[in-house]
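Colleague: Below you'll find the structure I mean.
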Amino acid sequence: EAAVTQSPRNKVTVTGGNVTLSCRQTNSHNYMYWYRQDTGHGLRLIHYSYGAGNLQIGDVPDGYKATRTTQEDFFLLLELASPSQTSLYFCASSEAGANERLFFGHGTKLSVL
Amino acid sequence: TQTVSQSDAHVTVFEGDSVELRCNYSYGGSIYLSWYIQHHGRGLQFLLKYYSGNPVVQGVNGFEAEFSKSDSSFHLRKASVHWSDSAVYFCAASITMGYKLTFGTGTSLLVDP
């Protein structure tokens, strides 16, 4: 079973704060994704990547940066956090894009006060 | 672009009942459809997928889904639910060879023991 590990599990910050969410997958998957989950919206794609050094814009990218430093590691950066970014964030990976099953991490709950 | 709609936000059934969770999509071309389950406090887990061939696909734990091109639907069914099936269920869609998986807003299934 593919393993996707997110850290931290919970994070509280203040408006204007700087936050980095981390994700590591250990199955050499090419694709990695960052989603946010909000009531009434389901999961919405923020950014994704198909390899180290690659970054693609998702559907709700405003206010977020991301970086794929290695095959295993994908980071989501909020440089000036706002209360609207309070959400549950999920990282996922897949072998070869969205036509393959995605493996999800347990999520990071972020609160921006 | 593809869209996914799940019309029922909440469904409640008794243990042993059958259940159908509805999913409709809109996209004019070939589409890849899948269902995921999210237990409380966990990440999403893959249940099943459809791309072509037999419109009825089997998944884990007795779940199956049926694709209908005429109805633009991909409903999830289970003949006899167990209390452990209580979770949120997400339908998702991607275009062929696509990189983005688009999720519906989810259906919360509560199984009364």
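From first to last, the protein sequence lines stand for chains A and B.
In terms of this note's numbering, the first sequence opens at residue 10 and continues consecutively.
In terms of this note's numbering, the second sequence opens at residue 241 and continues consecutively.
Just so you know, even glycine gets a beta-carbon here, dropped at the ideal spot from N, CA and C.
Being a predicted model, the structure only gives us computed values, none of them experimental.
1) Return helix, strand or coil for Asp352 of chain B, following the three-state DSSP convention.
2) Along chain A, in chain order, which residues have C-beta atoms closer than 8 Å to that of Leu261 of chain B?
3) Pull up the DSSP beta-bridge partners for Phe112 of chain A, would you.
4) Count the other CB atoms, across all protein chains shown, that sit within 10 Å of the CB of Asp325 of chain B; report buried if there are 16 or more and exposed otherwise.
5) So with CB distances below 9 Å, who are the chain A contacts of Tyr329 of chain B?
6) Give me the Cα-Cα distance between Val300 of chain B and Leu287 of chain B, rounded to the nearest whole angstrom.
7) For chain B, find out if any of its Cβ atoms is closer than 9 Å to the Cβ of Gln65 of chain A; answer yes or no.
8) Starting from Leu64 of chain A and walking both ways along the beta strand (DSSP E), at which residues does that stretch end?
9) Which runs of the beta strand (DSSP E) at least 3 residues long sit entirely within the region 22 to 76 of chain A? Give them in chain order.
10) Identify every run of the beta strand (DSSP E) within the region 245 to 301 of chain B, keeping only runs that are complete inside it and at least 3 residues long; order them along the chain.
11) In or out: Trp275 of chain B buried (at least 16 other Cβ within 10 Å) or exposed?
12) Who pairs with Thr117 of chain A in a beta bridge, going by DSSP?
13) Starting from the C-beta of His250 of chain B, find all residues in its chain whose C-beta is less than 6 Å away, skip the five residues before and the five after it, and write them out in chain order.
14) Should the region 298 to 316 of chain B be regarded as contacting the region 266 to 286 of chain B, the criterion being three or more beta carbon pairs within less than 8 Å?
15) Who are the near neighbours of Ser16 of chain A in its chain, counting only those whose CB is closer than 6 Å to its CB and skipping five residues on each side?
16) Cβ atoms of Gly293 of chain B and Phe113 of chain A: under 9 Å apart, would you say?
17) Anything in chain B within Cβ reach of Arg110 of chain A, meaning under 8 Å, just list it in chain order.
18) Measuring alpha carbon to alpha carbon, tell me which residue in B:Gln298, B:Phe314, B:Asp248 and B:Arg262 is nearest Ser334 of chain B.
19) Does the count of Cβ pairs from the region 31 to 50 of chain A and the region 251 to 266 of chain B closer than 8 Å reach three?
20) Return the CA-CA distance between Lys318 of chain B and Asn108 of chain A, expressed in angstroms with no decimal places.
21) In whole angstroms, what is the alpha-carbon distance linking Ser96 of chain A and Thr29 of chain A?
22) Starting from the beta carbon of Phe99 of chain A, find every residue of chain B whose beta carbon is closer than 9 Å, and list them in chain order.
23) Using a Cβ-Cβ cut-off of 6 Å (strictly less than) and excluding sequence neighbours within five positions of Ala12 of chain A, which residues of its own chain qualify?
Modeller: Working from what's here:
1) strand
2) Within 8 Å Cβ-Cβ: nothing; Leu261 of chain B doesn't reach chain A, min ~14 Å.
3) A:Ser102
4) buried
5) Correct list: empty, because the minimum Cβ distance to chain A is about 11 Å.
6) 6 Å
7) yes
8) Here Leu64 of chain A belongs to no beta strand (DSSP E), and DSSP marks it neither H nor E.
9) 28 to 34, 40 to 47 and 51 to 58
10) 250 to 254, 259 to 261, 264 to 266, 271 to 278, 285 to 290 and 296 to 298
11) buried
12) A:Tyr98
13) Ser348
14) yes
15) Ser31
16) no
17) Ser274, Phe286 and Lys289
18) B:Phe314
19) no
20) 24 Å
21) 14 Å
22) Gly283 and Leu284
23) Thr35
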